[in-house]
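Numbering (UniProt numbering), first residue to last: 1 to 321.
Even glycine gets a Cβ: it sits at the ideal position worked out from N, Cα and C.
Okay, so here's the structure we're looking at.
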């Protein structure tokens, strides 16, 4: 019996490490593959690529919910795919926010280097605090507010120190960051208050998101479907398929990391991925990074760690005071 417990514990630890390694790898690969697709390969259709990500994720969600034991708790057959009608408006709003957030992130990659986009998106905790307080009236303690100082300072340094600055790219990345924070808040409402599990929520978000992005791509990227390389280039389709696989895998690993560890661990991995992605981006794309940007990255990572450990700091000071 004891050997079985030890064996089970070892397997859980193995899956924990594998999921964390998978999340980091897919996060970094997805960002750099998309940048390579948009810049180095010259396929300037971020909305089209994002729509394919949503379609791939929706297909994956459909198969998992409809045909695997993961969906057994929701009934049999097509009943597994249904949800309460009163949730439709909330899911639609979340799908719009997710669509615009991801699309803006990919548009930013078209105009900015990966390193700067990651620097901007690293201030998501700051945006989350602002949105939660302004729109939902949530209160935070002084330790959370204190963590905002290095986040603001770091983002300012990164912006001032960016060598390859694009106003349009910056606006897209900043918009993506704000909407990413809003998406986190809305997801929290649906996952906790409405008790929808992550896989079903992702599936129901991806369907309207795919339709929205498809229409947007037709309107603003009319040449995407008629690009002759789609019918002739194996290399292009290899990059697109790899991008879609990474997008689906990234979503899977996000759930696994949260399941085996905690949301805080996911945020810590996010900070690690920022540093690794920036470093890999510099190696691949050879873009210049100023000293101000490097100091800014360090300040942002410090602020993110302070934000994540605010509860620990509060308990510590309560004990000693």
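(request) May I ask you to verify whether the segment 108-128 touches the segment 28-46, counting CB pairs closer than 8 angstroms and requiring at least 3? (result) yes
(message) If contacts are defined as beta-carbon pairs under 8 angstroms, then residue 126 and residue 151 qualify, I think. What distance do you get, rounded to the angstrom?
(response) Walking along the chain shown from the start, residue 126 turns up at place 126. Walking along the chain shown from the start, residue 151 turns up at place 151. Right, their Cβ atoms sit about 5 angstroms apart.
(message) If you follow the alpha helix (DSSP H) that residue 201 is in, where does it begin and where does it stop?
(response) Reading the chain shown from its first residue, position 201 is the one you call residue 201. From DSSP, the alpha helix (DSSP H) with residue 201 extends over 198-220.
(message) Within 10 Å of its beta-carbon, does residue 129 have 16 or more other beta-carbons around it, so buried, or fewer, so exposed?
(response) As a first step, residue 129 is located in the chain shown; it is residue number 129 there, counting from the start. Label assigned to residue 129: buried.
(request) Under the assumption that residue 209 contacts residue 88 (Cβ atoms under 8 angstroms), give the Cβ distance between them as a whole number of angstroms. (result) Walking along the chain shown from the start, residue 209 turns up at place 209. Walking along the chain shown from the start, residue 88 turns up at place 88. About 14 angstroms; that fails the 8 angstroms criterion.
(request) Below 8 angstroms CB to CB, which residues in the same chain sit around residue 164 once its five sequence neighbours on both sides are set aside? (result) For the purposes of this step, residue 164 is identified with residue 164 of the chain shown, where counting begins at 1. Counting only Cβ-Cβ distances below 8 angstroms, and skipping sequence neighbours, we find 112, 113, 116, 287, 288.
(message) Buried or exposed for residue 205, going by 16 or more other Cβ atoms inside 10 Å?
(response) Here residue 205 refers to the residue found at position 205 of the chain shown. Residue 205 is buried by the Cβ-count criterion.
(message) Am I right that residue 280 and residue 160 are in contact with their C-beta atoms under 8 angstroms? What's the rounded C-beta distance?
(response) Your numbering for residue 280 matches position 280 in the chain shown. Your numbering for residue 160 matches position 160 in the chain shown. About 24 angstroms separates the two Cβ atoms, so there is no contact after all.
(request) Sort 85, 99, 60, 64 by Cα distance to residue 212 and report the nearest one. (result) By 1-based counting over the chain shown, the position of residue 212 is 212. If we check each option's Cα against that of residue 212, 99 comes out closest.
(request) Could you check the C-alpha separation between residue 20 and residue 45 for me, to the nearest Å? (result) The residue given as residue 20 occupies position 20 in the chain shown. The residue given as residue 45 occupies position 45 in the chain shown. In a straight line, the C-alpha of residue 20 is about 30 angstroms away from that of residue 45.
(request) Report the option in 156, 143, 170 whose CA atom is closest to the CA atom of residue 310. (result) Sequence index remark: in the chain shown, residue 310 carries index 310 (1-based). Of the listed residues, the one whose Cα sits closest to residue 310 is 143.
(request) Would you tell me roughly how many angstroms separate the C-alpha atoms of residue 236 and residue 226, rounded to the nearest one? (result) Against the chain shown, residue 236 aligns to sequence position 236. Against the chain shown, residue 226 aligns to sequence position 226. Approximately 14 angstroms between the Cα atoms of the pair.
(message) Quick check: what's the CA-CA separation for residue 172 versus residue 83?
(response) Here residue 172 refers to the residue found at position 172 when the chain shown is read from its first residue. Here residue 83 refers to the residue found at position 83 when the chain shown is read from its first residue. Those two C-alpha atoms are separated by around 33 angstroms.
(request) Closer than 7 angstroms by C-beta to residue 131: which residues in its own chain qualify, once you throw out the five before and the five after it? Chain order, please. (result) What you label residue 131 is simply residue 131 of the chain shown in a count that begins at 1. Taken in chain order, the residues that qualify are 181, 182, 185.
(message) With H, G and I counted as helix, E and B as strand and the rest as coil, what does DSSP make of residue 307?
(response) Indexing the chain shown from 1 puts residue 307 at position 307. Looking at residue 307 - three-state DSSP - the assignment turns out to be helix.
(request) Answer with buried or exposed for residue 232, where buried requires no fewer than 16 other C-beta atoms within 10 angstroms of its C-beta. (result) Translated into positions along the chain shown, residue 232 becomes position 232. It counts as exposed.
(message) Could you tell me the alpha carbon to alpha carbon distance between residue 306 and residue 153, rounded to whole angstroms?
(response) Residue mapping note: residue 306 aligns to position 306 of the chain shown, counting from 1. Residue mapping note: residue 153 aligns to position 153 of the chain shown, counting from 1. Rounded to the nearest angstrom, the two C-alpha atoms are 14 angstroms apart.
(request) My understanding is that residue 247 touches residue 57, with C-beta atoms under 8 angstroms, so please give their C-beta distance in whole angstroms. (result) In the chain shown, the residue the question calls residue 247 occupies position 247. In the chain shown, the residue the question calls residue 57 occupies position 57. Yes, they are in contact, since the Cβ atoms of residue 247 and residue 57 sit about 6 angstroms apart, within 8 angstroms.
(request) Pull up the distance between the alpha-carbon of residue 238 and that of residue 64, whole angstroms please. (result) Position 238 of the chain shown, counting from 1, holds the residue named residue 238. Position 64 of the chain shown, counting from 1, holds the residue named residue 64. One C-alpha to the other measures close to 25 angstroms.
(message) Can you tell me whether residue 5 is helix, strand or coil according to DSSP?
(response) Counted from its first residue, the chain shown places residue 5 at position 5. With a pLDDT of only 43 at residue 5, under 50, the local geometry of the prediction cannot be trusted, and the value read off the model is given with reservation. Three-state DSSP puts residue 5 in a helix.
(message) If I follow the unbroken alpha helix (DSSP H) through residue 163, where does it start and stop?
(response) Within the chain shown, residue 163 is the residue found at index 163, counting from 1. No alpha helix (DSSP H) contains residue 163, which DSSP labels as neither H nor E.
(message) Please state whether the Cβ-Cβ distance between residue 190 and residue 35 is less than 8 angstroms.
(response) For the purposes of this step, residue 190 is identified with residue 190 of the chain shown, where counting begins at 1. For the purposes of this step, residue 35 is identified with residue 35 of the chain shown, where counting begins at 1. Not closer than 8 angstroms, so no.
(request) Flag this pair as yes or no: are the beta carbons of residue 254 and residue 15 separated by less than 8 angstroms? (result) Residue numbering aside, residue 254 sits at position 254 when the chain shown is read from its first letter. Residue numbering aside, residue 15 sits at position 15 when the chain shown is read from its first letter. Not in contact: residue 254 and residue 15 (Cβ atoms no closer than 8 angstroms).
(request) Please report how far the alpha carbon of residue 168 lies from the alpha carbon of residue 13, in whole angstroms. (result) Here residue 168 refers to the residue found at position 168 of the chain shown. Here residue 13 refers to the residue found at position 13 of the chain shown. Roughly 44 angstroms separates the two Cα atoms.
(request) Less than 8 angstroms between the CB atoms is what I'm expecting for residue 176 and residue 274, so what's the real figure, rounded? (result) Here residue 176 refers to the residue found at position 176 when the chain shown is read from its first residue. Here residue 274 refers to the residue found at position 274 when the chain shown is read from its first residue. That pair is no contact at about 15 angstroms.
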